[in-house]
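*Asks:* Right, I'll just put the structure down here and ask away after.
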Amino acid sequence: MQLQVKSVENYLTGLYGKAKVTGISELGGMPVEVEEGIKGFGYGKPYLIDFEAGGKKMSVVLSSMRVQKGFGHDHFSDRAQILIWQNSVFNNLPGHVKSLDVGYFTQKGELFSAGKADEYFILMEKIEGKEYFLDLERIKKEGKLTSLDIERTEALSTYLAEIHGNR
């Protein structure tokens, strides 16, 4: 992914008010040409971002996690969990670097804050029917199965075998 300076500025503006990026460099490394954006961002390299906002010069470090097969970082949700946890814990650890925010990237390379999140939600399409757990609650209460319950169990088993059989 190539991180665009304009995307970083838009993100920082959401946190600090009107922001202008004045410099970007790999943490402890060489400066990057601001106009070009950051090629290869998203592979675990932390970047120092210098910017101005509200008449003040500021610096922050933007870092993501590298995909590491077999280390619990395989899926983006694994990495999100770690970063969300770090955001909630770092500010409570004595002497630890403070977390200013946690956010996410879109496929277009935009940055959005998720730092004020307390809980997460999902928005899904609506389909006809009722939730399966209601059948399970009924079975638990009545202690018996209907032929429809058996058909639904077989359909669910087939579905689960299909989605877990292709890795």
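In the working numbering, the protein residues as written are 56 to 222. Built from N, CA and C at the ideal position, the CB exists for glycine as well.
Inspect the CB distances between the segment 110 to 120 and the segment 131 to 148 and report whether three or more fall short of 8 Å.
*Replies:* yes
*Asks:* First and last residue of the alpha helix (DSSP H) that includes G220?
*Replies:* Start at 1 with the first residue of the sequence shown, and residue 220 comes out as number 165. Per DSSP, G220 belongs to the alpha helix (DSSP H) from S202 to G220.
*Asks:* Measure the C-alpha to C-alpha separation of N142 and I177 and round it to an integer number of angstroms.
*Replies:* Here the question's residue 142 lines up with position 87 in the sequence shown. Here the question's residue 177 lines up with position 122 in the sequence shown. Cα-Cα distance, rounded: 21 Å.
*Asks:* Would you say Q162 touches the ligand ADP, meaning its beta carbon is less than 7 Å from a heavy atom?
*Replies:* With respect to small molecules bound, the structure shown includes none, and the ligand ADP cannot be examined in it.
*Asks:* Mind checking which residues open and close the alpha helix (DSSP H) that includes K195?
*Replies:* Residue numbering aside, residue 195 sits at position 140 when the sequence shown is read from its first letter. Where K195 is concerned, the enclosing alpha helix (DSSP H) stretches over Y187 to E197.
*Asks:* Can you tell me whether V152 is buried or exposed? The criterion is at least 16 other CB atoms within 10 Å of its CB, across all chains shown.
*Replies:* Here residue 152 is taken as the residue at index 97 of the sequence shown, counted from 1. Its Cβ having fewer than 16 others within 10 Å, V152 is exposed.
*Asks:* Within 10 angstroms of its Cβ, does A74 collect 16 or more other Cβ (buried), or is it exposed?
*Replies:* As a working mapping, residue 74 is identified with position 19 in the sequence shown. Under this definition A74 is a buried residue.
*Asks:* Could you tell me which of K124, V76, F160 and K112 sits nearest to Q57, measuring between CA atoms?
*Replies:* Taking the sequence shown and counting its residues from 1, one reaches residue 57 at position 2. For the residues K124, V76, F160 and K112, the minimum Cα distance to Q57 belongs to F160.
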